[in-house]
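Everything on this sheet refers to the single structure shown next.
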Amino acid sequence: MTDRFLKRYSYNITANDFMSAGKGSSSIKSNLKSLGIDANIIRRIAIISYEIEINIVIHSFGGKLHCDIYENKIVIVSEDIGPGIKDIDMAMTEGFSTATDSVRELGFGAGMGLPNIKKYSEGLEINTGSTGTLIIATINL
Amino acid sequence: MIIKEIVDIVKADVLTNYNDGNTELKYGFASDLMSDVLAYARSDSLLITGLNNPQVIRTVEMLDINAVLFVRGKVPCSEVIELAKENCITILATEYTMFKTCGLLVMNGMKGLEIDD
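Residue numbers (the numbering used here), protein chains in the order written: chain A, 446 to 586; chain B, 8 to 124.
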């Protein structure tokens with residue numbers, strides 16, 4: 446299989462909208478199922494995509510979530526507008542979180558988001574600055 | 008452990024049921040932190056939680072977990088029930104605390120997950 450690009454699914458993610466958070470990842474999951482991708486790989490992609498989606502909802506002013514399908518890999522890309530990640534090394538540490546108490550009451554902010562994304566992907570790139578964050582997570586097929 | 012046994016052991020109300028009577032849930036995973044659930048739970052687990060919002064259902068949907076047990080007398084909100092129906096997820100609710108619920112299930116043979124499983 447080559448790295449030929451096949452298709453992109455895109456979703457707008459709204460900041461602080463906890464009722465809708467997860468809709469994009471749910472749709473990505475259904476689309477991947479309809480493409481006949483292996484269930485274990487879909488599960489890994491769904492976890493990555495959902496963690497990224499929740500991060501956009503919690504930490505940014507809003508953004509976009511993309512799922513790019515290639516012949517030999519799936520790439521989850523997120524682009525958000527927001528304050529960026531101040532300390533990536535700390536953010537990659539299990540248990541470290543800058544989430545507020547109100548976010549924790551909703552079940553998030555356990556400090557497992559980025560570590561989970563890294564755990565389930567084969568490649569992870571993070572470009573962050575004071576105006577926003579770009580995350581690219583790759584899962585090989 | 009099958010759903011019927013779980014219902015009997017923790018005296019649960021069955022709010023939605025999509026499990027075959029013989030489908031076995033091998034493990035229990037108890038948490039109110041959904042990122043921990045995403046990090047450690049497996050698809051053949053029962054999620055035991057006191058968190059009552061739609062993200063509980065979104066979390067189990069991503070993991071292919073098909074049964075959730077709400078503890079401490081939490082009555083799942085309508086958004087939770089609707090989302091569970093959309094995703095064919097079984098919802099149970101018990102008056103017992105999380106500690107007592109887990110204790111009873113373990114005493115009756117349900118296994119806990121190891122972090123490295």
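Note that beta-carbon positions come from the ideal geometry of N, C-alpha and C, so glycine has one too. Remember, it's a predicted structure, so these values are computed and weren't measured experimentally.
Would you mind reading off the limits of the beta strand (DSSP E) that contains residue i?
i: Leu-54 (chain B); result: 52-56
i: Phe-36 (chain B); result: 34-37
i: Val-75 (chain B); result: 74-77
Just grab the DSSP bridge partners of residue i for me.
i: Cys-512 (chain A); result: A:Tyr-454, A:Ile-521
i: Asn-572 (chain A); result: A:Leu-579
i: Leu-99 (chain B); result: B:Val-21, B:Leu-76
i: Gly-482 (chain A); result: The residue you asked about is not Gly; residue 482 (chain A) is Ile in the sequence shown. Beta-bridge pairing links Ile-482 (chain A) to no other residue.
i: Glu-31 (chain B); result: B:Ile-9
i: Lys-118 (chain B); result: B:Tyr-34
i: Ile-497 (chain A); result: In the DSSP output, where bridge partners are listed per residue, Ile-497 (chain A) has none listed.
i: Ile-526 (chain A); result: A:Gly-577
Can we count residue i as close to the ligand MN, meaning its CB is less than 8 Å from some heavy atom?
i: Met-114 (chain B); result: The ligand MN is absent from the structure shown, which contains no ligand whatsoever.
Classify residue i as buried or exposed, calling it buried when 16 or more other Cβ atoms lie within 10 Å of its own Cβ.
i: Cys-84 (chain B); result: exposed
i: Lys-110 (chain B); result: The identity of residue 110 (chain B) in the sequence shown is Gly, whereas the question assumes Lys. That one is exposed.
i: Asn-29 (chain B); result: exposed
i: Ser-52 (chain B); result: buried
i: Phe-450 (chain A); result: exposed
i: Ile-122 (chain B); result: exposed
i: Leu-551 (chain A); result: buried
i: Gly-558 (chain A); result: buried
i: Thr-578 (chain A); result: buried
i: Leu-586 (chain A); result: exposed
i: Val-44 (chain B); result: buried
i: Gly-540 (chain A); result: exposed
i: Arg-65 (chain B); result: buried
i: Thr-538 (chain A); result: exposed
Which residue marks the beginning of the alpha helix (DSSP H) containing residue i, and which one marks its end?
i: Asn-585 (chain A); result: Premise fails: Asn-585 (chain A) lies in the beta strand (DSSP E), 577-585, not in any alpha helix (DSSP H).
i: Met-105 (chain B); result: 105-114
i: Leu-477 (chain A); result: 468-479
i: Thr-66 (chain B); result: 61-70
i: Pro-560 (chain A); result: 558-565
i: Ser-85 (chain B); result: 85-93
i: Met-535 (chain A); result: 533-536
i: Val-548 (chain A); result: 546-550
i: Leu-45 (chain B); result: 41-47
Beta carbon of residue i, beta carbon of residue j: below 9 Å?
i: Ser-494 (chain A); j: Ile-530 (chain A); result: no
i: Leu-480 (chain A); j: Ile-497 (chain A); result: no
i: Ala-460 (chain A); j: Ile-501 (chain A); result: yes
i: Tyr-34 (chain B); j: Lys-118 (chain B); result: yes
i: Ile-96 (chain B); j: Asn-73 (chain B); result: yes
i: Asp-71 (chain B); j: Ala-466 (chain A); result: no
i: Asp-525 (chain A); j: Ser-547 (chain A); result: no
i: Ile-486 (chain A); j: Ile-584 (chain A); result: yes
i: Cys-512 (chain A); j: Leu-569 (chain A); result: no
i: Thr-576 (chain A); j: Gly-527 (chain A); result: yes
i: Ser-471 (chain A); j: Glu-102 (chain B); result: no
i: Ser-50 (chain B); j: Asn-561 (chain A); result: no
Write down the C-beta distance between residue i and residue j rounded to the nearest angstrom, noting that I regard them as a contact closer than 8 Å.
i: Leu-40 (chain B); j: Ala-555 (chain A); result: 4 Å
i: Ala-19 (chain B); j: Leu-99 (chain B); result: 4 Å
i: Ile-10 (chain B); j: Asn-26 (chain B); result: 5 Å
i: Val-78 (chain B); j: Met-105 (chain B); result: 5 Å
i: Leu-54 (chain B); j: Val-75 (chain B); result: 5 Å
i: Tyr-47 (chain B); j: Leu-120 (chain B); result: 6 Å
i: Ile-503 (chain A); j: Ala-544 (chain A); result: 6 Å
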